[in-house]
Every structure is written in C-alpha cells, then in structure tokens.
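Worksheet: one structure, shown below.
In full-length UniProt numbering, the protein residues as written are 1 to 485.
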C-alpha cells in the first residue's frame, strides 16, 4: 500500500515537473518570437542602415583589402581632424609622421554628393568557451551608418571611391618593409594569423649601380625585372600567374643577399624573408604565402641548408629497408629535420610537394606581382624539380670577383672611374682571372681608402691575391700527392 502511494506521488510530481518545463519552453519560444517581431518593427522604423567591415574575412587568411583601404581613406588630412584620438607612426622613408584614427572613434564624413555618413572604428574581444586568464586579441572593424535612401549610392559609388582613394593614399605613403615569419606559437589560431609576419623598415642601400657585377649581366637582369613589373597585361593574355622565380647561386660572399636588396630597391617592392625551419607544415606555409602582398619579393636563403633533399630522393644508394626507401622517394616525405624528440609537437611536417605548390601550384596564383627568390651556395645539391623552368625561371650565377666587377668596386670605394687607369690595374686584372676571390674579400682591402689612400689599398689587394694564388697552388699540390698515395 505504501509502495503504491509512493509511486502515485512520484508520478504526480514528475507530471508537474514536465508541465513546468513545457511551460518554460513555450514561454521562451514566445519570447523569441516577440524579440524577433520587435527587431523587425525596429528595423522597419529605423531610417538608417549600417555596413560592417571586419579586419579579417570569414576565413581570416589575410587582412581585408577593403579594411586596409578604409583605414587609409579615413586617415586623410581632410577627414582625420574630426577624430579625438589618433595613432601616429613614421610614414614613407621615415621622414614624416603618419597619423590614423585610434580604436573606438567616430568620424562624420560628407561625401562629394553631399551625403552624410557616420564612420566608427570599433573593437571587440572574441567570444570563447575556453576559460582564460588573459583576454584574446581584440578584433578590429569599421562600421559605416547612412540613411536608407542612400543605400544604392553608398554601395555603387561611395565605397568604390573609398577604395580608390584609400589605395592612392597607401601608394603615396608606402614604406618598403622587410618581413620575417614569426616562430610558431601555441596561442590561438587567430593570434597566430595576426603575427605570422613581423615587419621592420627596409633601409638597405644596395643598388644595381653599386653592385659588383659585369655591367652587361646587370643590364640583362634589370631588363628582365622591368619586363616583369610592366607585364600584367602579358601574364593575363597568356593565362599565367603574375609571378617570376629567380635562383641566385654561387660561393659565399659573392653578393646574393645584396642582389636581392638591389632588386627590391629597383622595383620598390617589400621583401619577405621566409625561414623554412620555422614553418610547421604545408598549411602554415600556405597561410604565410596568402598573407604576403603584391609588389613583393619572397626570399628563401640558403635553401640547400633548409631542405634535406636526401629525404626526398635517394642518390643511387641501395637501401636494405624497403619501407624506408619507399618513404624517401615519396615527394610528400618531410623535408625539414630538427634535433627534437620524437614526441615534440614542434617538429616540422613541411614537404617537398607543399613547397612546390607554394612556388607554382594553385595557391601561387593568389594575388599577383610577386617574385620568388632562392639562394644557394651549391646548386648541384638541389632537386631538379625545385629549380626547373616555370618555378625558377631565371638562374643567375654570382661568380667570384673578376675584372669588370672589380672596376665597379674601385669606383665605389676608391672613387676611380674607368678612364683612370693605374699601372697596377693590369696586374690586378691578370690576378683576378687566375685567383678565385669573392667580391666581399676584395672589398675588405678597398674599404679603408680614405685612411690609407687608394694606392696603398691597391697594393694590399695585389699582395693578398698573390698570397692566395700561392696558397691555392700549394693546396692543389697537396691534393695531388694525397690522391697518388
């Protein structure tokens, strides 16, 4: 009897609980409908519309071009005076201050057509379900508010004009920069996206005029670069991505890095110095590439040291372990190795196929007007697939210092032109044909001309060349003796 009463009471309580929950659900749904209805009424009665322009798009692979253009547009002197708080940084060539509106500011703009628009620079912290003691990075966006009657004008005329003026302002205040990819971070993906490249001002003084190289070779490179820079219509007509690859190879000290700087200064391009050993995998490499801009040179220096080609293709050696041999011949085998434990999450998983995709795959067509440069001391160590035409279109050998290159150095450091022929120039010409000395080593003997005088510097160079010729001869003789034994 007691058991029957208990279950009867329990059933009554359970029924009341279910009824209560159903009531709450019905009320919640009713409130949602009321809220939606109120929003519709408010939107209908509100005579204004707004457009939000986030700093990063939905996929957040790169900064929004529209956001960057709006930022430059609002930073114009005719509009920025309305903001209460500003940010300042050095502009082009670091000669003048460039101001822009700070976060959480309002600017009222009257367009050329007499339409009033309210611009807001706003920020918000991203919502996250993960508990953290430090807030995430603020997400920035611009918001423009205007009357509904001007919607067509704003979308079809005003915003395109904003983009045009913003791009013009960016070009006028453009400061050449050198970027390097930041080390991988354990922070959130959004944070990583925003810090994948770290910039500094690019102030390298190199120029083709001062580059120690045969003038005919220099002119050929300049012509090739100019054709590329002016070749947008050509690349579109033939259906190719607007990019070009250069392989700079030669011994240490022959001016490969200086050549890159001279190319950047000649074209007025930014430089992205890509450190492959800091790249986690193919996906990160792709994100790095997408976050580069047009009018840029992407450089991978000493690629023979970054890429372990022995893990890509066996060089005629028999392998006892078939599985190991198979993995080494696979193009998707990991290229980069680090001295880390097997369970270290920081070990790289970049592959040859990922690198090749970066150079000339589908992702290489994102954007345009990019030059990719590889430098190496040992061209023969690189896999032919990496440097074939279409990937590395032009191979430039940076040789030891010969007489034509020496004349450029003499002009730079000794202020001697081609018509001022010293008696020892003939001896130097002969020695430079016989002795392999890098332009960097030759420069070392010429750079103190203001203190020592040109004659003394030339005498020091001749003595150094003669000593090196003797050392080279002794080394060859020693090698012959060792080979005979």
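No residue lacks a Cβ here, since even glycine has one placed at the ideal position from N, Cα and C.
- Residues near residue 401 in its chain [Cβ-Cβ closer than 7 Å; skip 5 each side]: Taking the first residue of the chain shown as 1, we reach residue 401 at position 401. 212, 432, 437, 438, 439, 442.
- Just checking my contact of residue 259 with residue 225 at CB under 8 Å: how many whole Å lie between their CB atoms? If you number the chain shown from 1, residue 259 lands on position 259. If you number the chain shown from 1, residue 225 lands on position 225. Taking the Cβ atoms as the reference, residue 259 lies roughly 11 Å from residue 225, outside the contact range of under 8 Å.
- Message: Could you tell me the alpha carbon to alpha carbon distance between residue 160 and residue 198, rounded to whole angstroms?
- Response: Locating residue 160 in the chain shown gives position 160, where the first residue counts as 1. Locating residue 198 in the chain shown gives position 198, where the first residue counts as 1. If you take the alpha carbons of residue 160 and residue 198, they lie about 30 Å apart.
- Which residues bound the beta strand (DSSP E) around residue 121? Counting from 1 along the chain shown, the entry for residue 121 is found at position 121. Per DSSP, the unbroken beta strand (DSSP E) holding residue 121 starts and ends at 116-124.
- Looking only at C-alpha atoms, which of 139, 223, 176 sits nearest to residue 269? Within the chain shown, numbered from 1, the residue matching residue 269 stands at position 269. Per the Cα distances, 176.
- Query: Cα separation between residue 20 and residue 47?
  - Reply: Working through the chain shown from its first residue, we reach residue 20 at position 20. Working through the chain shown from its first residue, we reach residue 47 at position 47. Rounded to whole angstroms, residue 20 and residue 47 show a C-alpha spacing of 42 Å.
- Query: CB-CB under 7 Å to residue 434, same chain, minus the five flanking residues each way: which ones, in chain order?
  - Reply: For the purposes of this step, residue 434 is taken as residue 434 along the chain shown, with counting starting at 1. These residues qualify, in order along the chain: 469.
- Message: My assumption, with CB atoms under 8 Å, is that residue 158 sits in contact with residue 111. Please give the rounded CB distance.
- Response: Within the chain shown, the letter at position 158 stands for residue 158. Within the chain shown, the letter at position 111 stands for residue 111. Their Cβ separation, rounded to whole angstroms, is 5 Å, which keeps residue 158 and residue 111 in contact under 8 Å.
- Rounded Cβ spacing between residue 243 and residue 370 (contact assumed at less than 8 Å): Stepping through the chain shown from its first residue, residue 243 is reached at position 243. Stepping through the chain shown from its first residue, residue 370 is reached at position 370. In this structure, residue 243 and residue 370 form a Cβ contact; the two beta carbons are roughly 5 Å apart against a cut-off of 8 Å.
- Message: What residue range does the alpha helix (DSSP H) around residue 353 cover?
- Response: Numbered from its first residue, the chain shown carries residue 353 at position 353. Residues 352-360.
- Task: Buried or exposed for residue 107, please, with buried defined as at least 16 other CB atoms from any protein chain shown within 10 angstroms of its CB.
- Result: Sequence index remark: in the chain shown, residue 107 carries index 107 (1-based). Residue 107 is buried by the Cβ-count criterion.
- Does the region 226-233 come close enough to the region 272-286 to have 3 or more Cβ pairs within less than 8 Å? Between the region 226-233 and the region 272-286 there are fewer than three inter-stretch CB-CB distances shorter than 8 Å, so the stretches are not counted as touching.
- To the nearest angstrom, how far is it from the Cα of residue 416 to the Cα of residue 138? Within the chain shown, the letter at position 416 stands for residue 416. Within the chain shown, the letter at position 138 stands for residue 138. Approximately 57 Å, taken between the alpha carbons.
- Neighbourhood of residue 117 by C-beta distance below 6 Å, restricted to the same chain and skipping five residues each side: Walking along the chain shown from the start, residue 117 turns up at place 117. Correct list, in chain order: 109, 144, 146.
- Message: Could you pull the DSSP bridge partners for residue 54 from this structure?
- Response: By one-based count along the chain shown, residue 54 stands at place 54. For residue 54, which the question treats as bridged, DSSP gives the partners 141.
- Message: According to DSSP, residue 403 sits in a beta bridge with which residue or residues?
- Response: Counting from one through the chain shown, the residue named residue 403 turns up at place 403. BP columns for residue 403 are empty, so no partner.
- If you compare alpha carbons, which of 355, 267, 245 is closest to residue 283? The sequence position of residue 283 within the chain shown is 283, counting from 1. The closest CA to that of residue 283, considering only 355, 267, 245, is found on 355.
- Item | Sub-8 Å separation of residue 397 and residue 239 beta-carbons | Your numbering for residue 397 matches position 397 in the chain shown. Your numbering for residue 239 matches position 239 in the chain shown. Not a contact, by the Cβ cut-off of 8 Å.
- Item | Where residue 384 falls: helix, strand or coil (DSSP) | As a position in the chain shown, residue 384 is number 384, starting the count at 1. In this structure, residue 384 counts as helix in the three-state DSSP scheme.
- Task: Check whether the Cβ atoms of residue 290 and residue 373 sit closer than 8 Å, and answer yes or no.
- Result: The count along the chain shown starts at 1 and reaches residue 290 at position 290. The count along the chain shown starts at 1 and reaches residue 373 at position 373. The beta carbons of residue 290 and residue 373 sit no closer together than 8 Å.
- Query: What first and last residue would you give for the alpha helix (DSSP H) that runs through residue 160?
  - Reply: The residue labelled residue 160 in the question sits at position 160 within the chain shown. Where residue 160 is concerned, the enclosing alpha helix (DSSP H) starts and stops at 159-172.
- Unbroken beta strand (DSSP E) run spanning residue 478, endpoints: If you number the chain shown from 1, residue 478 lands on position 478. Residue 478 -> not in any beta strand (DSSP E); alpha helix (DSSP H) instead, spanning 454-484.
- From 391, 256, 253, 181, residue whose alpha carbon lies closest to that of residue 287: As a first step, residue 287 must be located in the chain shown, where it is residue number 287. Out of 391, 256, 253, 181, 181 has the C-alpha closest to the C-alpha of residue 287.
- Just the C-alpha distance for residue 539 and residue 413, rounded to the nearest angstrom, thanks. Residue 539 lies beyond the range of the chain shown here (1 to 485); nothing can be said about it.
- Query: DSSP on residue 17, reduced to helix/strand/coil?
  - Reply: The count along the chain shown starts at 1 and reaches residue 17 at position 17. Of the three classes helix, strand and coil, the one that applies to residue 17 here is helix, per DSSP.
- State the beta-bridge partners of residue 247 as determined by DSSP. In the chain shown, the residue the question calls residue 247 occupies position 247. 374, 395.
- When you compare only the Cα positions, how much space is there between residue 463 and residue 209? Looking up residue 463 in the chain shown gives position 463. Looking up residue 209 in the chain shown gives position 209. Using only the alpha carbons, I get a separation of about 28 Å.
- Query: Who are the Cβ neighbours of residue 154 in its own chain at under 6 Å, not counting the five residues just before and after it?
  - Reply: Walking along the chain shown from the start, residue 154 turns up at place 154. When the five nearest sequence neighbours on each side are left out, the beta carbons in the same chain lying within less than 6 Å of the beta carbon of residue 154 are those of 146, in order along the chain.
- Message: Less than 7 Å between C-beta atoms, sequence neighbours within five positions excluded: which residues of the same chain meet that for residue 460?
- Response: In the chain shown, counting from the first residue as 1, residue 460 sits at position 460. Cβ within range, chain order: 445.
- Message: Assuming residue 466 and residue 382 are in contact, meaning their beta carbons sit under 8 Å apart, how far apart are those beta carbons, in whole angstroms?
- Response: For the purposes of this step, residue 466 is identified with residue 466 of the chain shown, where counting begins at 1. For the purposes of this step, residue 382 is identified with residue 382 of the chain shown, where counting begins at 1. Going by Cβ atoms, the distance from residue 466 to residue 382 rounds to 35 Å, so no, they are not a contact pair.
- Task: For residue 326, count neighbouring C-beta atoms within 10 Å of its own C-beta (all shown protein chains included) and say buried if the count is 16 or more, exposed if not.
- Result: As a working mapping, residue 326 is identified with position 326 in the chain shown. Note that residue 326 scores 40 on pLDDT, short of 50, meaning its location in the model is unreliable and no value can be drawn from it.
- 8 Å CB neighbourhood of residue 87 in its chain, flanking five on each side removed: For the purposes of this step, residue 87 is taken as residue 87 along the chain shown, with counting starting at 1. Leaving aside the five residues that flank residue 87 on each side, the residues in its chain whose CB is nearer than 8 Å to its CB run, in chain order, 99, 100, 101, 102.
- Task: Figure out for me which residue from 256, 168, 23, 478 has the closest Cα to the Cα of residue 399.
- Result: Within the chain shown, the letter at position 399 stands for residue 399. Check the Cα spacing between residue 399 and each of 256, 168, 23, 478: the tightest is with 256.
- Item | Cut-off 7 Å between Cβ atoms - residues of its own chain near residue 187, not counting five sequence neighbours on either side | Along the chain shown, one-based indexing puts residue 187 at 187. For residue 187, the pLDDT reaches just 43, beneath the cut-off of 50, and the residue's location in the model is therefore unreliable, although a value from the coordinates is still provided. No residues qualify anywhere along the chain.
- Message: Measuring only the C-alpha atoms, how far is residue 223 from residue 394?
- Response: On the chain shown, residue 223 is found 223 positions in, with the first residue counted as 1. On the chain shown, residue 394 is found 394 positions in, with the first residue counted as 1. The straight-line gap from Cα to Cα measures roughly 12 Å.
- residue 297 to residue 368 span [Cα, whole Å]: Here residue 297 refers to the residue found at position 297 when the chain shown is read from its first residue. Here residue 368 refers to the residue found at position 368 when the chain shown is read from its first residue. Rounded to whole angstroms, residue 297 to residue 368 spans 11 Å at the Cα level.
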